[in-house]
Every structure is written in structure tokens, then in C-alpha cells.
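Student: Going by our numbering, the first residue of the sequence shown is number 598, and it counts up by one from there. Can you keep this structure in mind? I'll have questions shortly.
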Amino acid sequence: MTMDEQTRAQQVKDTLESFLKIFSEYADEIFGEQRRERLDSLRAQLQKQEPQVTKIILEVIGDGVIVLPKFAYTPRVSHRDLLSTALLGGNNEMPHNFRDFKAAVTTLLNRALGAIEAGLWPPKQPIPVLVIKDAELEGRCSDLLRAPGYYDRVIREATTVLENRIRSRVPHERLARLIPSSADQTGENLVNKLFSPDNPVLVISTKKHERIAFHRIMLGIVSYLRNPYHHQLDPSTEWSWAWSTVGFVDRLLADIESCAVDQ
598 MTMDEQTRAQ QVKDTLESFL KIFSEYADEI FGEQRRERLD SLRAQLQKQE PQVTKIILEV
658 IGDGVIVLPK FAYTPRVSHR DLLSTALLGG NNEMPHNFRD FKAAVTTLLN RALGAIEAGL
718 WPPKQPIPVL VIKDAELEGR CSDLLRAPGY YDRVIREATT VLENRIRSRV PHERLARLIP
778 SSADQTGENL VNKLFSPDNP VLVISTKKHE RIAFHRIMLG IVSYLRNPYH HQLDPSTEWS
838 WAWSTVGFVD RLLADIESCA VDQ
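What follows is the structure, given as C-alpha cells:
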């Protein structure tokens with residue numbers, strides 16, 4: 598990145614962070630118990646900055662559609678219209694209406710900031726696009742990646758697809774012989790039984806060191822991603838982390854499909 602690009606990226610980041618800070622104060626006023634001495638002034642500041650911030654969002658991450666599930670009047674809103682709609686005032690400032698707007702705006706701003714911090718903007722090359730090749734993974738995760746927040750659901754769904762695909766590669770009767778209890782046909786037990794480097798059922802490679810490496814990868818996915826995300830909620834999960842996980846799982850699904858089934 599050139600010096601000019603670094604300067605531009607920092608300026609854009611500062612603008613987004615400033616807007617996010619004022620927006621958080623605005624939200625605190627809306628949800629505050631006492632009625633709202635700074636509400637009008639904060640809204641006016643945000644409305645003044647909104648055209649520039651919306652332009653930045655469209656430049657950094659592009660347009661898209663966000664679903665506001667609990668807001669009946671505007672259930673779907675584009676990135677282009679989100680900030681201006683959230684700042685209309687009136688009924689939109691009623692706490693039960695504003696919750697969806699707060700989540701959506703905060704998520705969108707953090708996505709843009711994350712793209713800048715990850716070096717994805719300004720783009721050195723064409724902006725990377727996540728193409729999910731596996732149809733089942735795409736069907737179960739793409740809509741969640743476009744949703745406003747709760748990206749732990751993406752990781753939970755992606756690892757469920759992965760685990761189910763592993764089971765589906767082995768005939769049911771054989772899997773039942775290897776792991777008689779269906780409750781045990783999950784997680785590390787499933788990986789150890791089917792990808793054991795010394796006696797694999799699903800054979801990723803004829804070379805033992807590659808089988809060892811793949812077995813370790815699969816155990817890591819299960820221990821670090823599948824297990825915690827299947828047993829607890831993590832609303833702090835970042836969009837970029839969910840995005841990366843889906844891309845990695847997509848590749849692993851292709852590898853699993855390529856495995857030979859040892860007879």
C-alpha cells in the first residue's frame with residue numbers, strides 16, 4: 598500500500614469510528630431511562646455525516662440487503678438506505694423499533710472497519726469475493742453471512758454441514774459397526790474413527806504424513822470451532838471470522854468428497 602493509500606485508509610477509518618462513536622451515544626439516549634436531552638443534537642450530527650459515511654460503506658463493502666426481522670414497516674433495507682432510514686427519528690426512535698437498526702448499523706460499520714483493518718481496502722487487486730462451491734454449505738450459510746449480526750450462527754451451521762458430510766461418506770451399516778451409538782457419531786470421536794492416520798476409513802492420501810496432517814486439521818476444526826460454537830452462543834463473533842471459516846470449510850468439504858472409502 599502506498600503512502601497516499603495508507604493516509605486515505607486512515608482517514609476513512611477515522612470517519613467511520615467517529616460516526617460509530619456518535620451513533621453509540623445516540624443509541625444510549627434512545628434506550629436511556631430519562632428523556633433524552635441530547636437526542637436531537639446527536640441525530641443532527643449523524644444526519645450531517647450520513648451521506649459521506651454511506652458513500653464510504655458502498656465503496657468499501659458494496660451494496661447489499663439487510664433484514665430487520667422485528668421491524669414491520671421496513672423489513673428489508675439496502676446498505677445504501679440503512680443509515681438514512683435509521684436516523685429518520687419519529688417512530689424509528691422508539692426503543693422496540695430501534696433495536697434492529699442499532700444492530701444492523703453497528704454490524705455494517707464494523708464490517709467496513711474490518712475490511713480496512715484487514716487490508717482489503719483500498720484494494721490492491723480486485724476485491725475478493727467469497728464463492729461457496731459446495732451447494733449445501735452455500736444454501737445454509739450465505740443468507741446468514743448477509744444478515745445483521747449473530748455470526749456465530751454461520752460457524753455453527755458450517756461445522757454442522759462438515760460433520761454431517763463426514764458421516765454421509767461412510768455407509769450407514771459400517772458407521773454403526775464402527776460407532777454403535779449414534780450419540781457418539783460426532784465431534785472428535787467421529788474424526789478419530791474415520792480419519793485415523795494408521796487405519797483410516799476415509800483416506801485422504803496414500804502418504805501417512807499427509808493423513809496425519811489432515812487428521813490434525815479436522816481435530817482442530819472440531820475442538821476449536823465445532824465444540825464451542827455448538828454448546829454456547831457468541832454474539833461477538835465477527836463477520837470476517839465467519840466469512841473465513843466458511844471458505845475453509847468449503848475447501849475441507851471438497852477434500853472429504855475426494856477421500857477414498859477404505860473397504
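The C-beta atom is built at its ideal place from N, Cα and C for all residues, glycine as well.
Between the region 701-718 and the region 656-663, can you find at least three pairs of beta-carbon atoms closer than 8 Å?
Tutor: yes
Student: Compare the Cα-Cα distances from residue 653 to each of 756, 755, 672 and 677 and report the closest residue.
Tutor: 677
Student: Whole angstroms is fine: what's the gap from residue 836's alpha carbon to residue 700's?
Tutor: 13 Å
Student: Spatial neighbours of residue 846 within its chain, please: CB distance less than 6 Å, with the 5 preceding and 5 following residues excluded, ordered by chain position.
Tutor: Exclusion of the five residues before and after residue 846 leaves 755 and 759 as the residues of its chain whose Cβ lies within less than 6 Å of its Cβ.
Student: Indicate the three-state DSSP secondary structure (helix, strand or coil) for residue 679 in the structure shown.
Tutor: helix
Student: Express the C-alpha separation of residue 784 and residue 855 in angstroms, rounding to a whole number.
Tutor: 20 Å
Student: According to DSSP, which residues form a beta bridge with residue 673?
Tutor: 664
Student: Are the beta-carbon atoms belonging to residue 799 and residue 729 less than 8 Å from one another?
Tutor: Contact flag unset, no.
Student: Only counting runs of 3 or more residues, tell me where the beta strand (DSSP E) segments fall wholly within the region 722-772, in order along the chain.
Tutor: none
Student: Closest to residue 857 by CA distance: which of 848, 814, 824 and 802 is it?
Tutor: 802
Student: Within 10 angstroms of its Cβ, does residue 843 collect 16 or more other Cβ (buried), or is it exposed?
Tutor: buried
Student: Whole angstroms are fine: how far does the CA of residue 648 sit from the CA of residue 682?
Tutor: Roughly 12 Å separates the two Cα atoms.
Student: Could you tell me which residues DSSP puts in a beta bridge with residue 800?
Tutor: 857
Student: Helix or strand or just coil, what does DSSP make of residue 615?
Tutor: The answer is helix: DSSP assigns residue 615 an H, G or I state.
Student: Would the beta-carbon of residue 643 fall within 8 Å of that of residue 616?
Tutor: For residue 643 and residue 616, yes; Cβs fall inside 8 Å.
Student: Can you give the beta carbon distance from residue 680 to residue 664, rounded, assuming they're within the 8 Å contact cut?
Tutor: About 16 Å separates the two Cβ atoms, so there is no contact after all.
Student: Three or more beta-carbon pairs under 8 Å between the region 825-836 and the region 733-753, yes or no?
Tutor: yes
Student: With DSSP as the reference, label residue 809 as helix, strand or coil.
Tutor: Look at residue 809 here: in three-state DSSP terms it is helix.
Student: For residue 716, does the three-state DSSP call read helix, strand or coil?
Tutor: coil
Student: Taking residue 648 as part of the alpha helix (DSSP H), name the residues at either end of that continuous run.
Tutor: 636-657
Student: Work out the CA separation of residue 627 and residue 634 for me, nearest whole Å.
Tutor: 10 Å
Student: Compute the distance between the beta-carbons of residue 745 and residue 602, then report whether it is under 8 Å.
Tutor: No; because the gap between Cβ atoms is not below 8 Å, this pair is not in contact.
Student: Less than 7 Å between C-beta atoms, sequence neighbours within five positions excluded: which residues of the same chain meet that for residue 640?
Tutor: 623, 684 and 686
Student: Which of helix, strand or coil does DSSP assign to residue 626?
Tutor: The three-state secondary structure of residue 626, taken from DSSP, is helix.
Student: Assuming residue 793 and residue 812 are in contact, meaning their beta carbons sit under 8 Å apart, how far apart are those beta carbons, in whole angstroms?
Tutor: 7 Å
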